[in-house]
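Let me begin by presenting the structure, written as structure tokens, before commenting on it.
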Amino acid sequence: MRLCLIAFAFVLGNMTFLHAQSGRKPLTTPAGTPILTASGEPVYELSSTATIPYTNVAQLDSVFMQKSYGDAAKRIIAHALKDSIAYSRLQYMCYTFGSRLSGSQNLERAIDWLLQTMKTDGHENVRGEDVKVPAWVRGEESCVMVSPRPYTIPMLGLGGSIATPAGGITAEVMVVRDFAELTRRAAEAKGKIVLFNAPFTRYGATVRYRSEGAIRAAEVGAVASLIRSVASYSMRTPHTGGMRYQDSIPKIPHAAIATEDADLIAHLTERGEKVKVRLTMSAQTMPDAVSRNVIAELKGREKPEEIVVMGGHIDSWDVGTGALDDAGGCYATWKALQILKELGLRPRRTIRLALWTNEENGLRGGVDYAERHKNEKHILAFESDGGIFTPQGFGFTGAPELLKVYTAAGTLLHPIQSAALKVGGGGADISPLVAYSVPQMNIEVENSKYFWFHHTQADMPDKIDPLDLNKCAAAIAVMMYVAADLP
Ligand SMILES: [Zn+2]
73 MRLCLIAFAF
83 VLGNMTFLHA
93 QSGRKPLTTP
103 AGTPILTASG
113 EPVYELSSTA
123 TIPYTNVAQL
133 DSVFMQKSYG
143 DAAKRIIAHA
153 LKDSIAYSRL
163 QYMCYTFGSR
173 LSGSQNLERA
183 IDWLLQTMKT
193 DGHENVRGED
203 VKVPAWVRGE
213 ESCVMVSPRP
223 YTIPMLGLGG
233 SIATPAGGIT
243 AEVMVVRDFA
253 ELTRRAAEAK
263 GKIVLFNAPF
273 TRYGATVRYR
283 SEGAIRAAEV
293 GAVASLIRSV
303 ASYSMRTPHT
313 GGMRYQDSIP
323 KIPHAAIATE
333 DADLIAHLTE
343 RGEKVKVRLT
353 MSAQTMPDAV
363 SRNVIAELKG
373 REKPEEIVVM
383 GGHIDSWDVG
393 TGALDDAGGC
403 YATWKALQIL
413 KELGLRPRRT
423 IRLALWTNEE
433 NGLRGGVDYA
443 ERHKNEKHIL
453 AFESDGGIFT
463 PQGFGFTGAP
473 ELLKVYTAAG
483 TLLHPIQSAA
493 LKVGGGGADI
503 SPLVAYSVPQ
513 MNIEVENSKY
523 FWFHHTQADM
533 PDKIDPLDLN
543 KCAAAIAVMM
553 YVAADLP
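First residue of the sequence shown? That's 73 in our numbering, and the numbers climb one at a time after it.
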């Protein structure tokens with residue numbers, strides 16, 4: 073299968089690492105500094121065989137954009153800002169169906185409602201495309217400090233973790249700051265619960281303790297592992313997310329605690345106290361379930377077989393409601409499609425909305441999409457999965473000629489301060505399309521608070537400003553319309 077070309081090493085929450093892409097180099101600045109995505113992951117160059125879908129790209133400058141699309145952009149922006157239907161619908165979905173973990177009824181009920189609503193709205197080719205997804209169920213869980221004093225610690229098991237025995241695991245906690253310290257003190261770890269107390273630097277770096285912590289702790293004989301939540305701020309909210317095991321190494325339960333409680337345990341142990349906790353988890357991995365990618369289209373008027381695909385992921389973790397991660401991305405792109413439809417702006421090529429399933433703990437929606445549609449001609453893939461905040465512009469990975477074209481298109485977004493194009497773009501769900509040389513784009517937002525809420529009980533609709541959602545939809549609608557319409 074062609075996907076082995078792109079070894080998906082891991083899906084880590086909402087970011088995928090693309091490893092060992094055959095023959096593709098990580099991009100660097102002229103000074104040799106690696107170019108990283110917003111979450112700190114390397115950006116790879118696309119195959120140079122990627123074709124340029126437009127004729128005469130040299131003339132597609134900002135003057136051309138103003139002349140050809142200035143009016144359309146103004147209409148799109150005005151239309152996007154005139155009501156808050158997208159936000160109302162996001163609230164409706166999040167509050168009615170709740171969190172949307174793969175394999176859950178919540179997710180499938182939300183998808184049923186989305187499909188029905190999109191059909192009622194009159195979108196074209198609305199359909200669900202079946203995808204088999206993993207079904208992990210959290211169950212009851214708790215973490216209690218039993219000495220030096222009784223103290224309840226809010227916790228969240230990490231997605232994919234095994235359960236503890238019924239009575240829990242009670243053991244002394246060994247606190248380490250990083251993997252190097254664990255290696256140095258490996259002899260002390262046997263029979264203990266290892267707490268990785270790694271401070272948040274950037275998501276891509278800190279998330280390693282979540283994804284690999286159980287493997288590394290089990291390797292040195294630990295009976296369970298905890299992490300300091302991957303969070304840039306905390307109100308004692310633990311953050312869940314994906315983790316993995318390695319076949320040759322015993323599986324141990326793996327959970328997250330809030331940063332405040334990691335500090336507390338570290339403080340106690342540093343001054344010589346023995347800290348013991350009882351960790352109880354009843355998580356189960358059930359047989360795979362059937363979910364769906366949600367598809368709707370605006371068929372192209374001249375080259376309907378050429379496709380700009382855009383979307384977000386409809387699944388979420390099983391805490392909060394996944395409002396920022398990633399209902400917001402779904403509703404911004406859905407609204408973008410709606411705006412174009414309502415304004416009668418039918419581009420030359422097809423714009424396809426795809427709300428992918430199972431990004432969080434499997435990426436099977438994105439993988440299925442790429443495989444199922446691999447013989448279609450995608451000219452651009454776009455994803456919004458970094459939260460909905462004030463938009464600033466776009467990230468792009470693809471041919472330099474196309475970067476120039478989209479930078480020129482970005483000037484249409486000066487009225488909403490979203491004109492900036494930066495090198496390096498993409499998203500987990502569209503990353504499987506890299507194997508087919510499809511250029512990758514994402515929206516860039518003011519995301520300094522994203523990791524306050526990411527994968528927590530607090531990821532609720534109140535974290536999204538309806539005006540930001542509208543601005544994101546406007547920016548996406550303009551960029552996708554131009555990308556799909558250029559001669
Ligand atoms: Zn996400």
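Note that beta-carbon positions come from the ideal geometry of N, C-alpha and C, so glycine has one too.
Would you kindly report the start and end of the unbroken alpha helix (DSSP H) that includes N178?
Within the sequence shown, numbered from 1, the residue matching residue 178 stands at position 106. Note, N178: alpha helix (DSSP H), Q177 to T192.
Nearer than 7 Å: is that true of the beta carbon of D390 relative to any heavy atom of ligand 1?
As a working note, residue 390 is residue 318 in the sequence shown. Not under cutoff, so the answer is no.
Continuous alpha helix (DSSP H) stretch holding P206: start and end
As a first step, residue 206 must be located in the sequence shown, where it is residue number 134. Element bounds for P206: not the alpha helix (DSSP H) but the beta strand (DSSP E), E196 to V209.
Applying the 10 Å Cβ sphere with the 16-neighbour rule, what's the burial state of Q163?
As a first step, residue 163 must be located in the sequence shown, where it is residue number 91. Buried: at least 16 other Cβ atoms inside 10 Å.
Classify D360 as helix, strand or coil using the three-state DSSP reduction.
Locating residue 360 in the sequence shown gives position 288, counting from the first residue. The answer is strand: DSSP assigns D360 an E or B state.
Can you round the beta-carbon distance between A556 and I423 to whole angstroms, since I take them to be within the 8 Å contact cut?
Mapped onto the sequence shown, residue 556 falls at position 484. Mapped onto the sequence shown, residue 423 falls at position 351. Indeed they touch by this definition, with Cβ atoms about 5 Å apart.
Checking 8 Å against the spacing of the C-beta atoms, do G458 and L425 come in under that value?
Here residue 458 is taken as the residue at index 386 of the sequence shown, counted from 1. Here residue 425 is taken as the residue at index 353 of the sequence shown, counted from 1. No. Outside cutoff.
For R569 versus V266, is the C-beta spacing smaller than 8 Å?
With the chain running from 73 to 559 in the structure shown, residue 569 is simply not present.
Does the pairing of the region 239-250 with the region 340-358 give three or more beta-carbon distances under 8 Å?
yes
Could you check the C-alpha separation between M87 and L370 for me, to the nearest Å?
Locating residue 87 in the sequence shown gives position 15, counting from the first residue. Locating residue 370 in the sequence shown gives position 298, counting from the first residue. Reliability of the predicted coordinates at M87 is poor, the pLDDT of 40 falling under 50, and no value is obtained from them.
Could you check which residue in K407, N128, R308 and A395 has the C-alpha nearest to that of T189?
Here the question's residue 189 lines up with position 117 in the sequence shown. Nearest option by C-alpha distance: K407.
DSSP state of N365 mapped onto helix, strand, coil:
The residue given as residue 365 occupies position 293 in the sequence shown. Three-state DSSP puts N365 in a strand.
For I148, is the classification buried or exposed, using 16 other Cβ atoms within 10 angstroms of its Cβ as the cut-off for buried?
Mapped onto the sequence shown, residue 148 falls at position 76. Buried is the call here.
For the beta strand (DSSP E) that L493 lies in, which residues bound it at each end?
Position 421 of the sequence shown holds residue 493. Looking at the DSSP string, the run of the beta strand (DSSP E) that includes L493 is A492 to V495.
Three or more beta-carbon pairs under 8 Å between the region 472-490 and the region 255-270, yes or no?
no
Please go through the same chain and pick out, in chain order, the residues whose beta-carbon is closer than 7 Å to the beta-carbon of K535, but skip the five residues on each side of it.
Translated into positions along the sequence shown, residue 535 becomes position 463. So the qualifying residues of the chain are A395, L396 and F525.
State the DSSP-derived secondary structure class of R46, mapped to helix, strand or coil.
The displayed coordinates of the chain run from 73 to 559. Any statement about residue 46 would go beyond what the structure contains.
G240 versus P359, V349, K476 and M552, residue with shortest Cα-Cα distance
The residue you call residue 240 lines up with position 168 of the sequence shown. Of P359, V349, K476 and M552, the residue nearest in Cα terms is V349.
Identify, in the order they occur along the chain, each residue of the same chain with its Cβ nearer than 8 Å to the Cβ of G167, setting aside the five sequence neighbours on each side.
Along the sequence shown, read from residue 1 onward, the residue named residue 167 stands at position 95. In the sequence under discussion, the amino acid at residue 167 is Tyr, which differs from the Gly named in the question. Around Y167: T393 and P533.
Within 10 angstroms of the Cβ of Y305, are there 16 or more other Cβ atoms? Answer buried if so, exposed if not.
Counting from 1 along the sequence shown, the entry for residue 305 is found at position 233. So Y305 ends up on the exposed side.
Tell me which residues share the same chain as E212 and place their Cβ nearer than 6 Å to its Cβ, disregarding the 5 neighbours each side in the sequence.
Within the sequence shown, residue 212 is the residue found at index 140, counting from 1. Excluding sequence neighbours, E212 sits near S354.
With a 10 Å radius around its C-beta and 16 neighbouring C-beta atoms as the bar for buried, classify Y553 as buried or exposed.
Within the sequence shown, residue 553 is the residue found at index 481, counting from 1. It counts as buried.
Going by CA-CA distance only, name the one from L427, E291 and D333 that's closest to A320.
Sequence index remark: in the sequence shown, residue 320 carries index 248 (1-based). This sequence places Ser at residue 320; Ala is not what is there. It is E291 whose Cα lies nearest to the Cα of S320.
Taking 7 Å as the cut-off, is the CB of H151 close to at least one heavy atom of ligand 1?
Here residue 151 refers to the residue found at position 79 when the sequence shown is read from its first residue. Checking every heavy atom of ligand 1 against the Cβ of H151, none is found closer than 7 Å.
If we ignore side chains and look at the alpha-carbon of each, how far apart do V198 and K446 end up?
If you number the sequence shown from 1, residue 198 lands on position 126. If you number the sequence shown from 1, residue 446 lands on position 374. Near 19 Å, if we compare the C-alpha coordinates of K446 and V198.
Ligand 1 and E518: does the residue's C-beta get closer than 7 Å to at least one heavy atom of that ligand?
Locating residue 518 in the sequence shown gives position 446, where the first residue counts as 1. Every heavy atom of ligand 1 is 7 Å or more from the Cβ of E518, so no.
What residues are listed by DSSP as bridge partners for F466?
Translated into the one-based positions of the sequence shown, residue 466 becomes position 394. Per DSSP, L493 and I515.
Answer yes or no: the CB of D540 versus the heavy atoms of ligand 1, is any distance below 7 Å?
As a first step, residue 540 is located in the sequence shown; it is residue number 468 there, counting from the start. For ligand 1, not one heavy atom lies less than 7 Å from the Cβ of D540.
Using 8 Å as the Cβ pair cut-off and three pairs as the minimum, do the region 435-444 and the region 193-208 touch?
yes
Does the pairing of the region 175-182 with the region 504-520 give three or more beta-carbon distances under 8 Å?
Segments in contact, no.
Sorted by chain position, which residues of the same chain lie with C-beta nearer than 8 Å to G434's C-beta, five sequence neighbours on each side aside?
In the sequence shown, residue 434 corresponds to position 362, counting from 1. Closer than 8 Å at the Cβ level, and outside the excluded window around G434, lie V83, S174, V205 and P206.
Using the DSSP secondary-structure output, state which residues sit across from R424 in a beta bridge.
In the sequence shown, counting from the first residue as 1, residue 424 sits at position 352. Answer is E369 and V381.
Could you tell me if the beta carbon of H385 falls within a distance shorter than 7 Å of some heavy atom in ligand 1?
Taking the sequence shown and counting its residues from 1, one reaches residue 385 at position 313. Yes; taking the cut-off as 7 Å, the Cβ of H385 has a heavy atom of ligand 1 nearer than that.
What does the alpha-carbon distance come out to for the pair Y141 and L484?
Counting from one through the sequence shown, the residue named residue 141 turns up at place 69. Counting from one through the sequence shown, the residue named residue 484 turns up at place 412. Y141 and L484: Cα-Cα distance of roughly 8 Å.
Status (buried if at least 16 other CB within 10 Å, exposed otherwise) for L75:
On the sequence shown, residue 75 is found 3 positions in, with the first residue counted as 1. With a pLDDT of 34 at L75, under the threshold of 50, the predicted position of this residue should be treated as unreliable, though the coordinate-derived value follows. L75 comes out exposed.
Using the C-alpha atoms, what's the distance from L475 back to A92?
Counted from its first residue, the sequence shown places residue 92 at position 20. Counted from its first residue, the sequence shown places residue 475 at position 403. Any reading at A92 must be qualified, since the residue scores a pLDDT of 35, below 50, and its modelled position is unreliable; the value itself is stated next. As the crow flies, the alpha-carbon of A92 is around 24 Å from that of L475.
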